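Asker: Below is the structure I would like to discuss, written out as structure tokens.
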Amino acid sequence: MEDAQVVSLLVRRCTTGDAAAWEEIVQRYHRRIYNMCYRFAGSADDAQDLTQEVFIKMYRTLKSYDVDRGAFLTWVTTVTRNLLVDHFRKTKHDRITDSLDSPASEHEDALPLSEQIADTGLPPDARVQSHETQRTVHQALLKLSPDLREAVILRDLQDMDYREIALALRVPEGTVKSRINRGRAELARLLQRTYRQVM
Amino acid sequence: MPEETKHGMQCPEFDAMLMDAIDRVLSSAQQARFEAHARMCPSCGPIFAEVDAGRLWLKSIEEVEPPVHLVQNILASTTGISSARLALGGEPSQTPLSERMREWFDVWIRPGFTAVRQPRFALSFGMIFFSFSVGLSASGLKAKDLAQISLRPSAVKHTYYSTQAKVVKYYENIRLVYEVESRVNQVKRVITPAEPAPAEKQQNRNNDTSGKPEQRQERNSSRDVNQPVLASLPSPSVTMATLSWRLV
Chain A
6 MEDAQVVSLL VRRCTTGDAA AWEEIVQRYH RRIYNMCYRF AGSADDAQDL TQEVFIKMYR
66 TLKSYDVDRG AFLTWVTTVT RNLLVDHFRK TKHDRITDSL DSPASEHEDA LPLSEQIADT
126 GLPPDARVQS HETQRTVHQA LLKLSPDLRE AVILRDLQDM DYREIALALR VPEGTVKSRI
186 NRGRAELARL LQRTYRQVM
Chain B
1102 MPEETKHGMQ CPEFDAMLMD AIDRVLSSAQ QARFEAHARM CPSCGPIFAE VDAGRLWLKS
1162 IEEVEPPVHL VQNILASTTG ISSARLALGG EPSQTPLSER MREWFDVWIR PGFTAVRQPR
1222 FALSFGMIFF SFSVGLSASG LKAKDLAQIS LRPSAVKHTY YSTQAKVVKY YENIRLVYEV
1282 ESRVNQVKRV ITPAEPAPAE KQQNRNNDTS GKPEQRQERN SSRDVNQPVL ASLPSPSVTM
1342 ATLSWRLV
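First to last, the sequence lines map onto chains A and B. Residue numbering for the first sequence follows my numbering, beginning at 6 and increasing consecutively. Residue numbering for the second sequence follows my numbering, beginning at 1102 and increasing consecutively.
Structural data, given as structure tokens:
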């Protein structure tokens, strides 16, 4: 049986109140949703809370999912994205004072971005593999605007195709590609600028 | 210079092909033209380099591990149970009885109860309950009687035989009553006199004021007395006179 059929069957069982099917769905998607939330919100605590909220919302609105209208993953991504955007709007005031020197999240060392980059004296190709680079990129990613950030997260971190992203974000595919390009370029400029400052 | 042509490609075309070039889905000829333009164009070249660099930066990010209890927390916040698998096949001896009962209820009873809770089902079940309670009260059965029922095999057997005896006795009683009644009817038929003759019956019927013929008679007699009535049954004298006149 194909994955889509399995998921469709699980969803159908869930709507009839099958707790085991719901647990299977949680097991399948919690890692993906947590990572999406973590990369968007930047904090492990926020990501955990948001992931729970996403699943609560999914659990309540699972009956509204229509198999014929798209893949379950797209629906899940749409639910997650909407909740992340709401969260972003609610916490907008808190982020006004943020800067590149703000402390990192629980998954990172509590070092400012400039210090993290200063420790690395390696060329970019070598740094790609390093753990510290990941933290640096994560911090830079949080500086992107929400539109660009969600586009590059879905494409480069969640490996979704353009059509799925367009469906999840409810924008045309051309807009998706444009946002991904701008997000990648903005991220590269941000990292290069920070790197030059440190050097 | 957005409209500048480098190696047969204009900058808008370069922008349109940028994503496909990054994804490596262009044909070799297109890719070669694209890269040549990127090398030569002062505005497009840096854009391509930045986008490609950003993609590589993002690809360097690995998945993070979710917290250990995330799944349990999600299940607890949605279904109210930490794990259906544990509830079904885990270690039941370590789980409190109340929790196991609640989980069992959530897994087996709640789904059906959720479906049944719809208004149309509620009305039907209400009617069934009402009919059942009316039937019980009509038959004289009380809840106290149900509590006193013993389900031991000997008691069930005893109940069966006593019920059968009651039914047989009731049937015999009814039969006796009907037999007595039929005998009484026979005796009545013998004792009572014969029925009156038809003439008497007719007379009796005329005396009966409730009969329709009498009403018709009354209607005839109620006609105007001054109006001559050609009698349907002429008197004998008139008939004889008429007959003699015809003979003459």
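The C-beta atom is built at its ideal place from N, Cα and C for all residues, glycine as well. Just so it is clear, the structure is predicted and the values come from calculations on it, not from any experiment.
What are the boundary residues of the alpha helix (DSSP H) that lysine 95 of chain A is part of?
Answerer: 77-95
Asker: Taking only three categories from DSSP, how would you classify glutamine 1173 of chain B?
Answerer: helix
Asker: According to the Cβ coordinates, are isoleucine 158 of chain A and arginine 44 of chain A closer than 8 Å?
Answerer: Taking 8 Å as the Cβ cut-off, isoleucine 158 of chain A and arginine 44 of chain A qualify as a contacting pair.
Asker: What separation, rounded to the nearest whole angstrom, lies between the Cα atoms of aspartate 8 of chain A and arginine 168 of chain A?
Answerer: 19 Å
Asker: Quick one: which chain B residues come within Cβ less than 8 Å of threonine 56 of chain A?
Answerer: Pro1167, Leu1171 and Ile1175
Asker: For phenylalanine 1231 of chain B, does the count of other Cβ atoms within 10 angstroms reach 16, so buried, or fall short, so exposed?
Answerer: exposed
Asker: Would you mind reading off the limits of the alpha helix (DSSP H) that contains methionine 165 of chain A?
Answerer: Boundaries for methionine 165 of chain A: no alpha helix (DSSP H) harbours it, and the DSSP string shows neither H nor E there.
Asker: Taking 8 Å as the CB-CB cut-off, is serine 1161 of chain B touching chain A?
Answerer: yes
Asker: Contact check, glycine 188 of chain A vs leucine 149 of chain A under 8 Å by CB: the rounded distance?
Answerer: 6 Å
Asker: Note down, in chain order, each residue of its chain lying with its Cβ closer than 8 Å to the Cβ of glutamine 1132 of chain B, except the 5 sequence neighbours on either side.
Answerer: Ala1122 and Arg1125
Asker: Counting only the same chain and skipping the five closest in sequence on each side, list residues whose C-beta sits under 7 Å from that of arginine 18 of chain A.
Answerer: Ala26
Asker: Tell whether a beta-carbon distance below 8 Å holds between threonine 56 of chain A and leucine 1171 of chain B.
Answerer: yes
Asker: Could you give the DSSP three-state label for glutamine 32 of chain A: helix, strand or coil?
Answerer: helix
Asker: Is the CB-CB distance between leucine 192 of chain A and glycine 1155 of chain B below 8 Å?
Answerer: Yes, the Cβ-Cβ distance between leucine 192 of chain A and glycine 1155 of chain B is below 8 Å.
Asker: Reducing DSSP to helix, strand and coil, say where glutamine 57 of chain A ends up.
Answerer: Note: glutamine 57 of chain A maps to helix in three-state DSSP.
Asker: Taking DSSP as the reference, what is the three-state secondary structure of glutamine 1111 of chain B?
Answerer: Looking at glutamine 1111 of chain B - three-state DSSP - the assignment turns out to be strand.
Asker: Nearest chain B C-beta to lysine 68 of chain A closer than 8 Å, yes or no?
Answerer: For lysine 68 of chain A, no Cβ of chain B is located within less than 8 Å of the residue's own Cβ.
Asker: Tell me whether the beta-carbon of threonine 83 of chain A lies closer than 8 Å to the beta-carbon of alanine 171 of chain A.
Answerer: no
Asker: First and last residue of the alpha helix (DSSP H) that includes glutamate 155 of chain A?
Answerer: In the DSSP assignment, glutamate 155 of chain A falls within the alpha helix (DSSP H) that extends over 151-157.
Asker: Could you name the residues of chain A that tryptophan 1205 of chain B contacts, counting a contact when the two beta carbons are closer than 8 Å?
Answerer: Result: empty, since nearest Cβ-Cβ is about 11 Å, beyond 8 Å.
Asker: Is alanine 24 of chain A close to chain B, meaning its C-beta is less than 8 Å from at least one C-beta of that chain?
Answerer: yes
Asker: In the DSSP assignment, find the alpha helix (DSSP H) that holds valine 1221 of chain B and state where it starts and stops.
Answerer: The sequence given here places arginine at residue 1221 of chain B; valine does not occur at that position. It spans 1220-1240 - the alpha helix (DSSP H) in which arginine 1221 of chain B sits, taken as one unbroken run.
Asker: So, does the CB of arginine 189 of chain A fall closer than 8 Å to a CB anywhere in chain B?
Answerer: yes
Asker: I need the DSSP call for serine 1194 of chain B, collapsed to helix, strand or coil.
Answerer: Low confidence applies here, because serine 1194 of chain B scores a pLDDT of 45, under 50, leaving its location unreliable; read the following figure in that light. DSSP places serine 1194 of chain B in helix when its eight states are reduced to three.
Asker: DSSP on isoleucine 1275 of chain B, reduced to helix/strand/coil?
Answerer: helix
Asker: Kindly say whether threonine 85 of chain A, judged by its beta-carbon, lies nearer than 8 Å to any beta-carbon of chain B.
Answerer: It does not: the Cβ of threonine 85 of chain A has no partner Cβ on chain B nearer than 8 Å.
Asker: For the candidate residues A:Gln53, A:Val90 and A:Leu15, whose alpha-carbon lies nearest to that of leucine 67 of chain A?
Answerer: A:Leu15
Asker: Any Cβ of chain B within less than 8 Å of the Cβ of isoleucine 170 of chain A?
Answerer: No, because no Cβ of chain B sits closer than 8 Å to the Cβ of isoleucine 170 of chain A.
Asker: With DSSP collapsed to three states, give me the class of lysine 1267 of chain B.
Answerer: helix
Asker: DSSP three-state call for isoleucine 1182 of chain B: helix, strand or coil?
Answerer: coil
Asker: Could you say which of A:Arg33, A:Thr21, A:Arg198 and A:Ala24 lies nearest to valine 12 of chain A if we only look at CA atoms?
Answerer: A:Arg33
Asker: Compare the C-beta of aspartate 161 of chain A against all C-beta atoms of chain B and say whether one is closer than 8 Å.
Answerer: yes
Asker: Hey, alanine 24 of chain A and threonine 1180 of chain B: beta-carbon distance below 8 Å or not?
Answerer: yes
Asker: Mind listing which residues of the region 32-57 of chain A have their C-beta closer than 7 Å to chain B's C-betas, in chain order?
Answerer: Within the region 32-57 of chain A, the qualifying residues are Gln32, His35, Arg36, Tyr39, Asn40, Tyr43, Gln53, Thr56 and Gln57.
Asker: Taking CB distances under 8 Å as the criterion, tell me whether valine 11 of chain A reaches chain B.
Answerer: No, valine 11 of chain A lies away from the interface with chain B (no Cβ there is under 8 Å from its Cβ).
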